[in-house]
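Asks: The sequence shown begins at 74 in the numbering used here and counts up by one. Where is the CB? At the ideal position from N, CA and C, for every residue including glycine. Please see the structure below; I have some questions.
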Amino acid sequence: MKTNPLAGLASARRNGAPYGITSICSAHPVVIQTAIRRAVADKEATLLIEATCNQVNQFGGYTGMTPEVFVAFVLEIAGKEGLDASRILFGGDHLGPNPWRAEPAAQAMDKAETMVSAYVKAGFSKIHLDASMGCAGEPTALDDETIAIRAARLAKAAETAARAASSALPVYIIGTEVPAPGGVNHTISDLKPTEAAAARRTIAVHREIFAREGLTDTFGRVIAVVVQPGVEFGSQNVVAYAPEASRALTGLLDEEPSLVYEAHSTDYQSRAALTALVDNGFPILKVGPGLTFALREAFYGLDLIASEMVDGYGDRPLAHTMEQVMLAAPGHWHSHYHGSEADLYLQRHYSYSDRIRYYWSNPAAVAAVSRLRKALDGVAIPETLMRQFLPTLSATLGPAGNPEAIFHAAVGQVLADYDAACRGGSD
Numbered sequence: 074m075k076t077n078p079l080a081g082l083a084s085a086r087r088n089g090a091p092y093g094i095t096s097i098c099s100a101h102p103v104v105i106q107t108a109i110r111r112a113v114a115d116k117e118a119t120l121l122i123e124a125t126c127n128q129v130n131q132f133g134g135y136t137g138m139t140p141e142v143f144v145a146f147v148l149e150i151a152g153k154e155g156l157d158a159s160r161i162l163f164g165g166d167h168l169g170p171n172p173w174r175a176e177p178a179a180q181a182m183d184k185a186e187t188m189v190s191a192y193v194k195a196g197f198s199k200i201h202l203d204a205s206m207g208c209a210g211e212p213t214a215l216d217d218e219t220i221a222i223r224a225a226r227l228a229k230a231a232e233t234a235a236r237a238a239s240s241a242l243p244v245y246i247i248g249t250e251v252p253a254p255g256g257v258n259h260t261i262s263d264l265k266p267t268e269a270a271a272a273r274r275t276i277a278v279h280r281e282i283f284a285r286e287g288l289t290d291t292f293g294r295v296i297a298v299v300v301q302p303g304v305e306f307g308s309q310n311v312v313a314y315a316p317e318a319s320r321a322l323t324g325l326l327d328e329e330p331s332l333v334y335e336a337h338s339t340d341y342q343s344r345a346a347l348t349a350l351v352d353n354g355f356p357i358l359k360v361g362p363g364l365t366f367a368l369r370e371a372f373y374g375l376d377l378i379a380s381e382m383v384d385g386y387g388d389r390p391l392a393h394t395m396e397q398v399m400l401a402a403p404g405h406w407h408s409h410y411h412g413s414e415a416d417l418y419l420q421r422h423y424s425y426s427d428r429i430r431y432y433w434s435n436p437a438a439v440a441a442v443s444r445l446r447k448a449l450d451g452v453a454i455p456e457t458l459m460r461q462f463l464p465t466l467s468a469t470l471g472p473a474g475n476p477e478a479i480f481h482a483a484v485g486q487v488l489a490d491y492d493a494a495c496r497g498g499s500d
C-alpha cells in the first residue's frame, strides 16, 4: 500500500505544496459505489470513508450496522468494483458518548469505550475522539479539561484494541467546534470561526492530559484538530468560506507544525472555497449530506421524468412514498425542522440538512427506488426532459436509458469538486 496520505498532510503544508483528502461520510450504497468507482478510475487515490457514532456503533446505529458490518459492506462493494482494500482508509467520526448523552456520564462513557474498541478492531484507523457533549445532569458544553480526560480514556481503549488485534496504531483527531452529528436545525445568520486562542488551548490541554495519562506517544499520532473555519449549512442556507476570517487559525498551525485542521460541514461549498480550505490548513474535507442531497435530486428528477413518459408509473410515486415514510417515523426530522405544515413539507424533502437521508434504507423507500429504476431501465430519456428536470447533469446521459448512470453522475459531480480541491483546484 502506498504511504498513508493522512501522515503527510502537515509536512506538505509546511513545504508549500498542500494537498487534501476527501472524507466520505455516508452509508448510502450508491454514494459508496460512486466514490469507489472514482478511486478505481484514479488509480492513485486513497479513499477515506467515515462513519459517525450515531450511524454505526456496537448496537447498530441508525443504519443497523456495527463497525465490523460497515467495513464488510464497503469492502463487498469495493470487491465488486475492483478496488483493492488496501486503498481504503476507514475513519470513525465523533466517537464518544453522543449516542448515549441522555444517560449518566459513567454509563455513556462505558458504552463509548466499547464503541471505540469495536471501531478499531473492525479496521478503522482514523479516530476522531469527541467527548465534548455533556451527559445527563451535566452542562451541554463541557470544559476543556473534562473533554480531554474523556478523550484520553477513549484513546486508551483504542490503543488497547489495536494492540490486541495486532493492527497498526490509529491516528487521531481531537477537538470539536461543530454541531452534534446530524447538523444544525435552523437558518444560520452569524457564524464565527474558532478563535485561535481557543484552538491553542484545546491542543495544549489535550497534550497535557495525554502526557499525564502516559499517552505521550499516542498524542504524537494526533494529526488534526476539528475547529470551525467559518463554513456551515443549515436547513435553508449555506455559509460560504471566507479565508480572511480564519487567518489567525491558519497562523496557529505554524506553532504546531505536526498538525492540520479537519473541516466538517463542507457540504455545498464551491470548488474555489474547498480549494482555499485546503490551502489554508484545512485539508481534511468532510462531506456527507451534500452527497445524498445530490442523489435525492437525481431520484426526484427521474421520478418526475418517469411520471411524464412511462405509462402506468403514476404521479411522483417515489416522492409520495418518501412523504409517507417520513410522516410515519418522524424521529429523524421533527426536532430539526420548524414552521407551518407547508414549511415542514418543503424541509422534509428539500432541506440542505437532508434529513431524508435517514429514510432511504426503509423497505418502502427501497421498493420505490427499485420501481423507479425498473420503470426507466432501457428507456431513452429525451434531452429536453433532462434539461427540464435534471438541468445540472449532462443532457446526453438521458438517451442512454441507464438510470444508474444518472444516479452516479449526480454524486460524482459533487465529488469532482472535492477531488479538484484536494489537488489544488485542478481537475
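Leaving aside the five residues before and after Thr289 along the sequence, list all residues of the same chain whose C-beta is less than 7 Å from its C-beta, in chain order.
Replies: Excluding positions up to five away in sequence, the list reads Phe283.
Asks: Tyr192 by DSSP, collapsed to three states: which one?
Replies: Note: Tyr192 maps to helix in three-state DSSP.
Asks: How about Glu268 and Ala221: do their beta carbons lie closer than 9 Å?
Replies: Contact: no.
Asks: Under 6 Å Cβ to Cβ from Gln106, same chain only, skipping five residues before and after it: list those, please.
Replies: Excluding residues within five positions, the ones whose Cβ falls inside 6 Å are Ile150.
Asks: Quick check on DSSP: helix, strand or coil for Phe372?
Replies: Of the three classes helix, strand and coil, the one that applies to Phe372 here is helix, per DSSP.
Asks: Roughly how far, in whole angstroms, is the beta-carbon of Met206 from the beta-carbon of Arg174, given that I think they are within contact range, below 8 Å?
Replies: Right, their Cβ atoms sit about 5 Å apart.
Asks: I need the DSSP call for Asp490, collapsed to helix, strand or coil.
Replies: Note: Asp490 maps to helix in three-state DSSP.
Asks: Determine which residues share a DSSP beta bridge with Ser96 and list them.
Replies: Bridge partners of Ser96: Leu121, Lys359.
Asks: How about Ala195 and Phe146: do their beta carbons lie closer than 9 Å?
Replies: No.
Asks: Verify the CB distance criterion: does Asp217 have a CB-CB separation below 9 Å to chain C?
Replies: Considering every chain present, this structure includes no chain C. It has just one protein chain.
Asks: Could you pull out every unbroken beta strand (DSSP E) segment of at least 3 residues lying fully inside the stretch 173-249, listed in chain order?
Replies: For the stretch 173-249, whole beta strand (DSSP E) runs of length 3 or above, ordered along the chain, are 199-202, 244-247.
Asks: Between Gly412 and Thr339, what straight-line distance do the alpha-carbon atoms span, to the nearest angstrom?
Replies: Distance between the alpha carbons of Gly412 and Thr339: 26 Å.
Asks: How would you call Ala415, buried or exposed, if buried means at least 16 neighbouring beta carbons within 10 angstroms?
Replies: Its Cβ having fewer than 16 others within 10 Å, Ala415 is exposed.
Asks: On a CA-only basis, which of Ser319, Arg428, Glu281, Ala371 is nearest Gln309? Give me that one, please.
Replies: The residue with the shortest Cα to Cα distance from Gln309 is Arg428.
Asks: Leaving aside the five residues before and after Leu375 along the sequence, list all residues of the same chain whose C-beta is less than 7 Å from its C-beta, in chain order.
Replies: Cβ within range, chain order: Leu445, Leu449, Pro476, Ile479.
Asks: Is it right to say Asp492 is buried, meaning 16 or more other beta carbons lie within 10 angstroms of its own, or is it exposed?
Replies: Its Cβ being crowded by 16 or more others within 10 Å, Asp492 is buried.
Asks: Assign Glu328 to one of two classes, buried (16 or more other C-beta atoms within 10 Å of its C-beta) or exposed (fewer than that).
Replies: Classification of Glu328: exposed, given that the 10 Å Cβ count is below 16.
Asks: Can you list, in chain order, the residues of its chain whose CB lies under 6 Å from that of Ser424, leaving out five sequence neighbours each side?
Replies: For Ser424, where only same-chain residues beyond five positions count, the Cβ hits under 6 Å are Ser308.
Asks: Which residue comes first and which comes last in the alpha helix (DSSP H) that contains Val298?
Replies: Where Val298 is concerned, there is no enclosing alpha helix (DSSP H), although the beta strand (DSSP E) it sits in stretches over 295-299.
Asks: Kindly indicate which residue of Lys359, Pro302, Val312 has the alpha-carbon position closest to the one of Ala318.
Replies: Measuring from the Cα of Ala318, the nearest candidate turns out to be Pro302.
Asks: Could you give the distance in angstroms between the alpha-carbon of Leu368 and the alpha-carbon of His481?
Replies: The straight-line gap from Cα to Cα measures roughly 8 Å.
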